[in-house]
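Protein chains in written order, with the numbering used here: chain A, 587 to 856; chain B, 587 to 856; chain C, 587 to 856. This report refers to the structure that appears directly beneath it.
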């Protein structure tokens with residue numbers, strides 16, 4: 587099965603199984619990521635207290651951990667929940683929002699790596715910071731190019747065993763050996779808050795139905811990139827685009843993917 | 587006054603009095619429920635710390651307690667605020683999101699029942715869990731039918747004195763003796779996150795102006811069902827529907843209700 | 587440079603410099619204010635834990651503190667972050683949501699004044715409460731007119747050194763000596779939750795690029811008022827207006843401002 591066909595198969599599996607995706611996320615994107623997950627066909631649950639998160643993480647199809655507005659209590663819950671997911675053999679994805687720019691969450695994200703995320707998705711500055719490189723970005727926005735972060739991403743993947751995604755105008759996905767590029771999207775997308783968080787949430791949905799985290803990550807980036815690219819053509823502005831992307835995920839079909847996806851694969855030699 | 591006419595009278599009373607509705611709610615729906623309450627004509631306030639919630643609960647027209655993303659601190663505030671509302675004779679509504687699926691909030695919801703909610707609204711799995719039945723659902727989504735939950739709802743109403751609403755394709759509303767069915771809505775509505783939370787928020791508005799919680803609950807379910815049914819006909823997808831429903835609540839008229847509402851009443855014999 | 591020309595220059599400076607605006611805000615508007623700041627051209631970061639907020643406040647272009655859903659932990663972070671901003675010479679804006687109506691946040695807001703906000707923006711009841719007058723409003727909604735609050739606003743500005751904005755159908759902006767009126771907007775705007783919070787967030791963006799907080803506040807109120815007034819003419823309801831305003835901020839041009847802004851300036855004699 588080709589790359590694009592397998593993206594279609596993963597989408598069909600999400601819609602057939604409606605996997606429970608457990609999100610520990612930030613106050614900015616809680617609504618939009620829940621809606622994006624419903625639209626793609628998953629069953630989202632937003633649960634992030636220490637009393638509850640480990641209980642849910644053990645039974646969910648996948649866990650998504652996003653440190654965007656992390657508090658000390660939520661950090662404690664993230665440690666417990668990722669440990670529970672790891673112990674139960676459940677896949678989980680890490681979104682290291684603003685890691686590198688802020689000390690507390692940088693330390694936290696590094697601690698969470700011990701619980702073996704299946705996928706890490708960030709912008710170039712965030713991934714370089716986790717890889718021990720770079721300057722840390724400006725707040726939540728990247729100040730580095732995705733290309734510049736690729737070497738760090740490969741190193742981070744090798745060190746942690748996670749698939750690493752550097753999102754940007756072109757998304758790079760690597761497991762340390764294989765690397766893929768997804769070249770979909772639109773220049774208006776960075777004007778919508780938290781579409782990176784939406785990407786990581788969608789990775790939660792693909793991880794829940796797809797055994798290979800490398801393909802799970804590619805497929806989710808394809809879904810968001812394809813839908814963003816298609817809907818941006820007719821959108822009325824960035825707030826409309828936030829809405830249009832969720833509508834688009836609901837109507838996303840195999841034909842959309844086949845006609846629009848631009849994916850390239852490489853064996854990495856580093 | 588007939589059932590539909592009284593729903594129109596309650597709507598007019600909300601718009602005339604603009605009741606203060608105090609919400610202790612989750613990070614997913616804070617924006618959409620505040621906007622839904624403004625659209626229907628109420629004055630929402632989102633306040634959920636232990637230092638403030640009891641103070642507001644004593645003076646608000648009604649209190650809405652939603653455990654969707656409950657933390658231990660918020661749980662403490664919920665106990666204090668519902669006790670304050672009960673003591674002050676203020677009506678309050680409970681939304682037991684994911685009760686049955688998670689231990690902490692199941693225990694919390696049962697403790698909150700001691701402060702005598704006027705209305706409890708949940709999906710079938712949540713109501714069955716509160717009634718001591720059922721399997722608890724999958725995360726926040728129901729795995730049981732509303733019909734299956736009706737016997738438990740009647741029992742829960744009798745035991746607690748609350749009006750109990752089981753929402754689904756057909757909504758059941760019971761005070762243990764009387765039962766009503768509201769058969770409005772659209773199949774796309776479950777693809778919008780938190781419309782159940784919106785229903786409970788609207789119950790807060792109707793409770794604030796309507797002396798009989800049984801009718802307050804029916805009317806709120808009618809408003810949401812009618813608006814959802816009308817706006818879904820022309821919506822562009824689930825994210826648009828979230829927006830269209832709020833717009834629709836703003837423009838909701840007595841004529842919309844009279845033309846579209848499908849309400850049936852039964853004396854219950856159990 | 588005239589008043590309107592300087593508003594255009596400030597807008598151009600935001601878009602050229604994309605200033606980092608640090609927000610400590612509430613769960614209702616976190617998404618919409620982040621999107622509004624992105625749309626106007628700024629780089630928002632939502633960070634509100636005691637461990638992180640002071641670190642970011644020292645380096646951000648401006649800080650915005652909004653007590654809308656304040657918790658004790660967030661209150662502690664607000665004290666630390668505003669002290670850090672003040673010490674580092676960074677401008678910050680205070681949004682005293684529901685101050686006067688609730689004891690905890692009223693005390694907090696008064697403590698935060700010691701860290702010398704550059705701008706305070708509230709509705710009439712909130713400003714009167716901070717000025718030690720008035721009845722405190724109903725929840726988050728004002729029960730007083732902006733005109734009634736003007737004397738209190740001037741006194742508050744003189745006492746604290748902050749520019750004070752009373753927003754309403756006509757917005758009043760005063761530094762205690764100079765007073766301006768911005769008479770833009772639309773009657774539907776109060777039906778959108780948190781547009782006042784959006785105004786304060788935009789003040790964060792203007793403060794980051796504009797040396798005089800009096801003009802920074804005027805310009806932000808002009809942007810929101812002009813965009814609200816233009817987009818309300820064709821909007822489909824309050825939820826659409828929330829979205830249309832963010833789209834409108836993205837497309838806001840100098841011509842829109844020149845054609846639509848209604849600003850009057852007065853030397854105040856009190």
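Backbone N, C-alpha and C define an ideal beta-carbon position, used for all residues, glycine too.
Classification of residue i by the beta-carbon crowding that lies within 10 angstroms, buried from 16 upward
i             : result
residue 718/B : exposed
residue 820/A : exposed
residue 797/B : exposed
residue 673/A : exposed
residue 792/A : buried
residue 856/A : In this prediction, residue 856/A scores a pLDDT of 45, lower than 50, which makes its location untrustworthy; no coordinate-derived value is stated.
residue 638/C : buried
residue 588/B : exposed
residue 815/A : buried
residue 643/B : buried
residue 532/A : What is shown of chain A runs 587 to 856, which leaves residue 532/A out entirely.
residue 598/A : exposed
Residue i Cβ short of 7 Å to the ligand COA heavy atom set
i             : result
residue 724/C : Ligands are entirely absent from the displayed structure, and the ligand COA is therefore not among its contents.
In DSSP terms, what residue i is bridged to
i             : result
residue 630/A : 607/A
residue 642/B : Answer is none; residue 642/B lacks a bridge partner.
residue 708/A : 752/A
residue 760/A : 750/A and 765/A
residue 851/C : 766/C
DSSP three-state assignment for residue i, whether helix, strand or coil
i             : result
residue 657/A : coil
residue 830/A : helix
residue 838/A : coil
residue 861/C : There is no way to answer for residue 861/C, as the model of chain C reaches only from 587 to 856.
residue 612/B : coil
residue 648/C : strand
residue 724/A : strand
residue 592/C : helix
residue 635/B : coil
residue 620/A : helix
residue 718/C : coil
residue 732/B : helix
residue 844/B : helix
Mind pulling the beta strand (DSSP E) runs of 3 or more residues that sit fully within the segment 765-825 of chain C? Taking only runs of at least 3 residues, no beta strand (DSSP E) segment lies wholly in the segment 765-825 of chain C.
Start-end ranges of the beta strand (DSSP E) lying completely within the segment 665-700 of chain C, minimum 3 residues: Runs of the beta strand (DSSP E) inside the segment 665-700 of chain C: 678-681.
Would you check if there are 3 or more beta carbon pairs closer than 8 Å linking the segment 687-699 of chain A to the segment 650-670 of chain C? With the cut-off at 8 Å, the segment 687-699 of chain A and the segment 650-670 of chain C do not touch.
Answer yes if the segment 780-797 of chain C comes into contact with the segment 836-855 of chain B, meaning at least three C-beta pairs across the two stretches below 8 Å, and no otherwise. Here the segment 836-855 of chain B makes no contact with the segment 780-797 of chain C; the two share fewer than three CB pairs at distances below 8 Å.
Check whether the segment 607-618 of chain B touches the segment 823-843 of chain A, counting contact only when three or more Cβ pairs, one atom from each stretch, lie closer than 8 Å. Short answer: they don't touch.
Report yes or no: do three or more beta-carbon pairs, one from the segment 736-748 of chain C and one from the segment 812-832 of chain C, lie closer than 8 Å? Contact between the segment 736-748 of chain C and the segment 812-832 of chain C is absent, because fewer than three Cβ pairs lie under 8 Å.
Across the segment 673-680 of chain B and the segment 632-648 of chain B, are there enough close Cβ pairs to call them in contact, namely three or more that are closer than 8 Å? With a cut-off of 8 Å, the segment 632-648 of chain B and the segment 673-680 of chain B count as touching, because enough Cβ pairs lie within range.
Contact the segment 615-625 of chain B vs the segment 703-714 of chain C: 3+ CB pairs below 8 Å: As far as the Cβ criterion goes, the segment 615-625 of chain B does not touch the segment 703-714 of chain C, which means the pair count is below three.
If we count Cβ pairs, one from each stretch, closer than 8 Å, do we get three or more for the segment 768-777 of chain A versus the segment 803-811 of chain A? Yes, the segment 768-777 of chain A is in contact with the segment 803-811 of chain A.
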